[in-house]
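Worksheet: one structure, shown below.
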Ligand SMILES: Nc1ncnc2c1ncn2[C@@H]1O[C@H](COP(=O)(O)OP(=O)(O)OP(=O)(O)O)[C@@H](O)[C@H]1O
Ligand code: SF4
Ligand SMILES: [Mg+2]
């Protein structure tokens, strides 16, 4: 059997933002930066879906935008289909651009409200030079069929569509352009549960039909498990656990993955986890940029750290946990994996 080839490889990717106005650290006197993505490495094979989960602000969208070159990387390497695209200029990147597409998190910002659906799809198809009107209409019918959208919707404006229909248009647009690798950023959020399942199924069918690869971003591990072959769990800019989807969901080894998962399974609100005996609640999901690095970023909220009497190996910057292999297909960043 032919092994699938790697379509996207990311090596030691960093994306640091300068906060607006520039915050200066009282400790170092240097201008602080927000390490939104801090040394992240992974690869995605052809026809494979990698899920990326983590709480709001942990850097998921930033990874997606950086690997698609919508924003420049601070450091690291992005290799697409055996080409190092990290430092390609806009002109050099143009021929590849259409193969790397994004389904944007914000449903409404993603579609131009002043354009009818037909015009939106036509515009996307224009990246392919010189399609005749007849060819254009044929491609549009094909796209509608692929995403199960009624032809009558072509004359509508985006605000006349339901959330699920807008999502389908967004997906059709990436296909029109000719995507091979798609970053799907929270494609099911803001949709009813039944519609969420339809969108997940649609993406899965299209993957099979068109050999697509996805980076599927969501804060919801349940949705990610449904569609992903492998999953990376992020916490404050770093991957803390990565492995096959079933293992991450059923036998998580990082304390954060376990907390994330149990909070969803038990449908606890963030509020109730916050109050579960953690003395540092104020750090929930927020990186304290004013403090020097203190080792494991999850320590203030980590149940294992608290249960073990606060071992210094967890908080000493010199012994920050690194992502290490538990086995060939499972990595974890923790001194005391579950
Ligand atoms: N353009 C920007 N300038 C400065 N800081 C930014 C910028 N974009 C994102 N950030 C910061 O980078 C961090 C990561 O943001 P990002 O949007 O990637 O998170 P996310 O995981 O996608 O969150 P969500 O689940 O809410 O979409 C956050 O602290 C955010 O405030
Ligand atoms: S290294 Fe320590 S603090 Fe960090 S997740 Fe593991 S047990 Fe918790
Ligand atoms: Mg986001």
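Numbering (the numbering used here), first residue to last: 21 to 358.
All C-beta atoms in this analysis are idealised placements derived from N, C-alpha and C, irrespective of residue type, glycine included.
Computed from a predicted structure; not experimentally measured.
Distance cut-off 8 Å: residue i Cβ against heavy atoms of ligand 3
i: residue 206; result: yes
i: residue 81; result: yes
i: residue 140; result: no
i: residue 86; result: no
i: residue 237; result: yes
Own chain residues within Cβ distance below 6 Å of residue i, not counting five before or after
i: residue 258; result: 58
i: residue 208; result: 216, 219 and 243
i: residue 169; result: 188
i: residue 264; result: 250 and 349
i: residue 333; result: 339 and 355
i: residue 289; result: The predicted position of residue 289 is uncertain, since its pLDDT is 45 and thus under 50; a value taken from the coordinates is nonetheless stated next. Same-chain partners within the cutoff: there are none.
i: residue 276; result: 255, 260 and 318
i: residue 69; result: 234, 236, 247, 248 and 249
i: residue 26; result: 63 and 65
i: residue 176; result: 137
i: residue 100; result: 28
i: residue 262; result: 252 and 351
i: residue 297; result: Unreliable placement is indicated for residue 297, whose pLDDT of 40 sits below 50; the coordinate value is still reported in the next sentence. Excluding residues within five positions, none has a Cβ falling inside 6 Å.
i: residue 200; result: 119
i: residue 325; result: 319 and 334
Beta-carbon contacts of residue i that lie in its chain and below 7 Å, excluding the five residues immediately before and after
i: residue 291; result: Low confidence applies here, because residue 291 scores a pLDDT of 42, under 50, leaving its location unreliable; read the following figure in that light. Taken in chain order, the list of residues that qualify is empty.
i: residue 194; result: 121, 123 and 202
i: residue 341; result: 316, 353, 354 and 355
i: residue 126; result: none
i: residue 314; result: 335 and 337
i: residue 303; result: In this prediction, residue 303 scores a pLDDT of 40, lower than 50, which makes its location untrustworthy; no coordinate-derived value is stated.
i: residue 241; result: 73, 269, 280, 281 and 284
i: residue 278; result: 272 and 358
i: residue 80; result: 72, 74, 237 and 254
i: residue 156; result: 142 and 145
Cβ-heavy atom distance, residue i to ligand 1, below 8 Å
i: residue 31; result: no
i: residue 258; result: no
i: residue 37; result: yes
i: residue 95; result: no
i: residue 76; result: yes
i: residue 54; result: yes
i: residue 254; result: yes
i: residue 125; result: yes
Of the listed residues the options, nearest to residue i (C-alpha basis)
i: residue 90; options: 78, 337, 117 and 228; result: 117
i: residue 248; options: 126, 24 and 64; result: 64
i: residue 328; options: 357, 108, 347 and 344; result: 357
i: residue 30; options: 105, 132, 79 and 350; result: 105
i: residue 236; options: 52, 74, 26 and 25; result: 74
i: residue 253; options: 76, 25, 176 and 28; result: 76
i: residue 78; options: 278, 239, 330 and 245; result: 239
i: residue 266; options: 275, 255, 260 and 246; result: 246
i: residue 141; options: 113, 173 and 66; result: 173
i: residue 129; options: 325, 324 and 205; result: 205
i: residue 192; options: 213, 326 and 162; result: 162
Rounded distance between the beta-carbons of residue j and residue i, thought under 8 Å
i: residue 232; j: residue 167; result: Not quite, the Cβ-Cβ distance comes to about 13 Å (not below 8 Å), so this is no contact.
i: residue 273; j: residue 343; result: In fact, because the Cβ distance is near 12 Å, the residues do not count as touching under 8 Å.
i: residue 178; j: residue 115; result: Wrong, their Cβ atoms sit about 29 Å apart, outside the cutoff.
i: residue 110; j: residue 144; result: The pair is not a contact, with the Cβ atoms about 19 Å apart (cut-off 8 Å).
i: residue 138; j: residue 160; result: 7 Å
i: residue 210; j: residue 184; result: Not confirmed; about 10 Å, so no contact.
i: residue 171; j: residue 181; result: Wrong, their Cβ atoms sit about 14 Å apart, outside the cutoff.
i: residue 190; j: residue 131; result: 7 Å
Cut-off 8 Å between Cβ atoms - residues of its own chain near residue i, not counting five sequence neighbours on either side
i: residue 33; result: 57, 59, 60, 61, 83, 86, 87, 93, 95, 96, 97 and 98
i: residue 103; result: 116
i: residue 149; result: none
i: residue 151; result: 145 and 159
i: residue 198; result: 118, 119, 147 and 148
i: residue 67; result: 24, 227, 228, 231, 232 and 233
i: residue 113; result: 89 and 105
field: Chain-ordered residues, beta carbon under 5 Å from a heavy atom of ligand 2
entry: Proximity annotation: ligand 2 has residues 275, 316, 318, 319, 322, 324, 325, 334, 341, 354, 355 and 356 in chain order, each selected because its CB is closer than 5 Å to a heavy atom of the ligand.
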